[in-house]
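Student: Provided herewith is a single structure, encoded as structure tokens, for subsequent inquiry.
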Amino acid sequence: MPSTPSSAEQGPSKRPAAEVLSSRYKQLFLLPSSSSLLLYAALTSAALAFVSRGIGGAVTFLIAFIVFYLSSSAISSVLQLTDKQTIANHRRVSAVLLVGNTVWLVFVICGAALASLEHSAGPLNNSFVFGAFAASGFEFLVLAGALVRRASLAAVLAGIHPAASLMVLRYAELSTGFDAAVLPLAVFAYVVIVAFIFVLMRRKVSGGHDAVTLFQGFMKTWAGGNPTELEDILLSMSEETDIETKVMQFRAQAGNIILVLPGVHPGPFHPVGSYDLPGVISRTFGGRDAVLTLHRPGGHELNLPTRSETQGYATEIHDKSMSMKMSTAGATIGGPIRTKVGEANVGVFAFDEDALLTVSFAPLGSDDIDSEVEAKLTAQAATAGLKACVVDAHNSLRDHQETIDPSDPGWMEAFRLLELSDTSPFKVGYAHSKELGLTARDDLTENGVGLVMFQTPKAKSVLVLADANNAVPSLRAKVAEALDAKGYELIELCTSDSHNLAARGLTVSRGYNALGEVTPVGSLAELVVGLAQLAESRLSSCAYGSQVFISRLKTLGNHSLDELAGITQSTSRLAKNYSVFALVSVAILFAFVLAL
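In structure tokens:
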């Protein structure tokens, strides 16, 4: 029947809080290799030595470079002894000291230029002293901001390299005297630089966690692969929520096929909390059963804060499934019915009273469907005698996104069509991409692609689930076309919205690749056809059962995610503004030094 538009096109939407977090720090991972860092350290050490001693600076350079290497080794060793979970390896500390060397060199070059004009060693001596304090300040910024818990320890460690290097590079000249007025100016510059850390420590989220602690938690998560501290913070900010989960099980000759409709949302990002929810659930079943964890409406407010909470939830799903009583020995199916409601591609089918409603806007853009929309749609289904769950296909990534209008009469018409449709016995079969040799890609997790086929007297219909985070807009149509050419009907191509790849490498601005951005669309279509043919060879009658259960779990909630994203963005803005202030202030102080 004709229907009114079910969706409204939006402009580029506000980026989800979890996406802001997962893409914010990608530049922090782009460190040079260890050999490159040593080369750059040698070059800056050589420059400092030759500016200080001229042609006779070769020996000084060698000693300065040794000091650089030993300082880096000593600092990283101390940090590893004081914090077993530190990410402060030799390479990262070397990068910190290199920043200090580079800052120092800028001041020294300016001082050398003025010394040459005045034919006096005074400006060069003063710039070496001032530069040492500035270098120590910048090294403190990075150490205290990312690597060291205690600011006092960071201050001591940040002073090792500049102090030792100053003795090597300029001790003889400074021992004969230098302008004492440079010291208060240098100390003032140091204070201006390091004060930023203490400003950040005053910016806090609920639970008393400050911006520096959060940043170090993120750094340990992404640079070190250890999310324990960050998960502890998220857990303390989480709120208890009643989570509804539905499990639909088909017991066939080839084994159990289980559809899981979780109330928990995958995320927020690798490797934190429920980021790999579909994978964790599949592994909990141990490969004995075919498990498809579908994507329900809802957003990152329904993320679990820790991996242990996620594993506990997966274990509960497994235990409920294993104890489930099959209500129907010879199961029947109503549908599948495929229709359009406005711009939405809709699939609806039912086993007994249990209905699944799949929604996709491909090739138009779509993202997470709101939980309130699901509640309104399932209420309409209930008037048709159906216990419905909505599956958000999450399969078309565009900047402009469509939203569902649950008041569109097309939804009710779809439920009525299903209610009036004939029910019939069916056969079910399953296949998985690992059987065809497909391995994990940058746009598809290790959990791969699963396909379940339902055969009725009228059609062989397939539901496809890829463990990925969204898909390119053209993929759904390409898969449907390939299946149709072989005599199969596509109910829906879904992604699980897994965040197993989100922020793992941060190679794209959004923090992940959508399915089809790395793996060719044509290859994926061929894969699905191969899976359909394999599933068809396993078709058999089945028993059916379902269960709904409520879990009391801690979830992140909108408030926690918004707080985290907010402090991340505001801290970034503060850093830019403070950088300008510090740069101008230090430049003015250095101008006074050169004027002495």
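The end of the sequence shown is residue 596 by my numbering, with every number in the run present. Ideal Cβ positions, reconstructed from N, Cα and C, are used throughout, including at glycine. Model, not experiment: these values are computed from the prediction.
(1) Please report the straight-line C-alpha distance between Ser75 and Val93, rounded to a whole angstrom.
(2) Checking 8 Å against the spacing of the C-beta atoms, do Glu231 and Val205 come in under that value?
(3) Helix or strand or just coil, what does DSSP make of Met412?
(4) Let me check understanding here. Comparing Cα to Cα, which of Ser546, Ala180 and Gly557 lies closest to Met326?
(5) Compute the distance between the beta-carbons of Ala388 and Thr339, then report whether it is under 8 Å.
(6) Quick one: any contact between the region 125-140 and the region 173-185, if contact means 3 or more CB pairs under 8 Å?
(7) Please give the ranges of any alpha helix (DSSP H) in the region 116-165, keeping only runs that are unbroken, at least 4 residues long and fully inside the region.
(8) Mark Val586 as exposed unless 16 or more other C-beta atoms lie within 10 angstroms of its C-beta, in which case mark it buried.
(9) Between which residues of its own chain and Val99 is the CB-CB distance below 6 Å, once the five residues before and five after are set aside?
(10) Which residue spans inside the region 187-255 form an unbroken beta strand (DSSP E) run of at least 3?
(11) So, with DSSP's three-state summary, where would you put Arg288?
(12) Between Leu602 and Ser33, what straight-line distance do the alpha-carbon atoms span, to the nearest angstrom?
(13) I believe Ala158 touches Phe140 by the beta-carbon criterion, under 8 Å. Please report the beta-carbon distance rounded to the nearest angstrom.
(14) Can you round the beta-carbon distance between Ala535 and Val452 to whole angstroms, since I take them to be within the 8 Å contact cut?
(15) Buried or exposed: where does Phe549 fall if 16 or more other Cβ atoms within 10 Å of its Cβ makes it buried?
(16) Can you list, in chain order, the residues of its chain with a C-beta nearer than 6 Å to that of Leu397? Leave out the 5 residues immediately preceding and following it.
(17) Let me confirm a value: Phe250 is counted as buried when at least 16 other C-beta atoms fall within 10 Å, else exposed. Which label applies?
(18) Among Val479, Gly347 and Ile197, which has the Cα closest to the Cα of Arg670?
(19) For Met248, count the other beta carbons within 10 Å of its own beta carbon; 16 or more makes it buried, fewer makes it exposed. Which is it?
(20) Considering only DSSP beta bridges, list what Gln380 is partnered with.
(21) Are the beta-carbon atoms belonging to Val96 and Leu48 less than 8 Å from one another?
(22) Taking its Cβ as the centre, do 16 or more other Cβ atoms sit within 10 Å of Pro425, making it buried, or is it exposed?
(23) Helix, strand or coil: how does DSSP classify Tyr488 here?
(24) Could you spell out where the beta strand (DSSP E) holding Thr403 opens and where it closes?
(25) Which residue's Cα is closest to the Cα of Val521: Ala532, Val472, Leu564 and Thr568?
(26) According to DSSP, simplified to helix, strand and coil, what is His300?
(27) Quick one: what does DSSP say Arg283 is sitting in, helix, strand or coil?
(28) Below 8 Å between beta carbons: does that hold for Ile233 and Ser551?
(29) Name the two residues that bound the continuous beta strand (DSSP E) containing Thr423.
(30) Counting only the same chain and skipping the five closest in sequence on each side, list residues whose C-beta sits under 7 Å from that of Leu166.
(31) At the level of alpha carbons, what is the spacing between Leu420 and Gln216?
(32) Rounded to whole angstroms, what is the Cα-Cα separation between Val67 and Ala41?
(33) By DSSP, does Ala477 sit in helix, in strand, or in coil?
(34) Going by the CB atoms, is the gap between Leu114 and Thr594 shorter than 8 Å?
(35) May I have the straight-line CA-CA distance separating Leu357 from Gln569, to the nearest angstrom?
(36) Under three-state DSSP, which class holds Met324?
Tutor: With the structure as the only source:
(1) Indexing the sequence shown from 1 puts residue 75 at position 75. Indexing the sequence shown from 1 puts residue 93 at position 93. Per the sequence shown, residue 75 should be read as Ile rather than Ser. In a straight line, the C-alpha of Ile75 is about 7 Å away from that of Val93.
(2) Translated into the one-based positions of the sequence shown, residue 231 becomes position 231. Translated into the one-based positions of the sequence shown, residue 205 becomes position 205. It is not a contact, given that the beta carbons lie outside the stated cut-off.
(3) The sequence position of residue 412 within the sequence shown is 412, counting from 1. In the three-state scheme derived from DSSP, where H, G and I count as helix and E and B as strand, Met412 is classed as helix.
(4) Translated into the one-based positions of the sequence shown, residue 326 becomes position 326. Among Ser546, Ala180 and Gly557, the Cα nearest to that of Met326 is on Ser546.
(5) For the purposes of this step, residue 388 is identified with residue 388 of the sequence shown, where counting begins at 1. For the purposes of this step, residue 339 is identified with residue 339 of the sequence shown, where counting begins at 1. Taking 8 Å as the Cβ cut-off, Ala388 and Thr339 do not qualify as a contacting pair.
(6) yes
(7) 122-142
(8) Looking up residue 586 in the sequence shown gives position 586. Answer is buried; the Cβ neighbour count reaches 16.
(9) Against the sequence shown, residue 99 aligns to sequence position 99. So the qualifying residues of the chain are Phe138.
(10) 239-252
(11) As a working note, residue 288 is residue 288 in the sequence shown. Of the three classes helix, strand and coil, the one that applies to Arg288 here is coil, per DSSP.
(12) Residue 602 is absent from the model: the chain starts at 1 and stops at 596.
(13) The residue given as residue 158 occupies position 158 in the sequence shown. The residue given as residue 140 occupies position 140 in the sequence shown. With a Cβ gap of about 4 Å, Ala158 and Phe140 count as contacting.
(14) By 1-based counting over the sequence shown, the position of residue 535 is 535. By 1-based counting over the sequence shown, the position of residue 452 is 452. About 7 Å separates the Cβ atoms of Ala535 and Val452, confirming a contact at the 8 Å cut-off.
(15) Counting from one through the sequence shown, the residue named residue 549 turns up at place 549. Exposed: under 16 other Cβ atoms inside 10 Å.
(16) Mapped onto the sequence shown, residue 397 falls at position 397. Result list for Leu397: Asn470 and Ala514, in chain order.
(17) Numbered from 1 along the sequence shown, position 250 holds the residue referred to as residue 250. Phe250 should be labelled buried.
(18) This structure gives no information on residue 670, because the portion of the chain shown stretches from 1 to 596.
(19) Counting from 1 along the sequence shown, the entry for residue 248 is found at position 248. Residue environment for Met248: buried (at least 16 other C-beta atoms within 10 angstroms of its C-beta).
(20) Residue mapping note: residue 380 aligns to position 380 of the sequence shown, counting from 1. Paired residue(s): none; Gln380 is not in a bridge.
(21) Indexing the sequence shown from 1 puts residue 96 at position 96. Indexing the sequence shown from 1 puts residue 48 at position 48. Their beta carbons are not under 8 Å apart, which means Val96 does not touch Leu48 by this criterion.
(22) Within the sequence shown, the letter at position 425 stands for residue 425. Looking at its Cβ environment, which holds fewer than 16 other Cβ atoms inside 10 Å, Pro425 is exposed.
(23) As a working mapping, residue 488 is identified with position 488 in the sequence shown. DSSP places Tyr488 in coil when its eight states are reduced to three.
(24) Counted from its first residue, the sequence shown places residue 403 at position 403. Thr403 -> beta strand (DSSP E) spans Glu402 to Ile404.
(25) For the purposes of this step, residue 521 is taken as residue 521 along the sequence shown, with counting starting at 1. Per the Cα distances, Val472.
(26) Residue mapping note: residue 300 aligns to position 300 of the sequence shown, counting from 1. DSSP places His300 in helix when its eight states are reduced to three.
(27) As a first step, residue 283 must be located in the sequence shown, where it is residue number 283. Note: Arg283 maps to helix in three-state DSSP.
(28) By 1-based counting over the sequence shown, the position of residue 233 is 233. By 1-based counting over the sequence shown, the position of residue 551 is 551. Going by C-beta atoms, Ile233 is not nearer than 8 Å to Ser551.
(29) Here residue 423 corresponds to residue number 423 of the sequence shown, with the count starting at 1. Segment Thr423 to Pro425, the beta strand (DSSP E) holding Thr423.
(30) For the purposes of this step, residue 166 is identified with residue 166 of the sequence shown, where counting begins at 1. The answer, listed in chain order, is Phe128 and Ala132.
(31) To locate residue 420, count along the sequence shown from 1; it is residue 420. To locate residue 216, count along the sequence shown from 1; it is residue 216. Cα to Cα, Leu420 sits roughly 58 Å from Gln216.
(32) Translated into the one-based positions of the sequence shown, residue 67 becomes position 67. Translated into the one-based positions of the sequence shown, residue 41 becomes position 41. Between Val67 and Ala41, the C-alpha separation is close to 11 Å.
(33) The sequence position of residue 477 within the sequence shown is 477, counting from 1. Helix.
(34) Walking along the sequence shown from the start, residue 594 turns up at place 594. Walking along the sequence shown from the start, residue 114 turns up at place 114. Note that residue 594 is Leu in the sequence shown, not Thr. Their beta carbons are under 8 Å apart, which means Leu594 touches Leu114 by this criterion.
(35) The residue you call residue 357 lines up with position 357 of the sequence shown. The residue you call residue 569 lines up with position 569 of the sequence shown. Straight across, the Cα-Cα distance linking Leu357 with Gln569 is about 37 Å.
(36) For this step, residue 324 is matched to residue 324 along the sequence shown. It is coil, neither helix nor strand.
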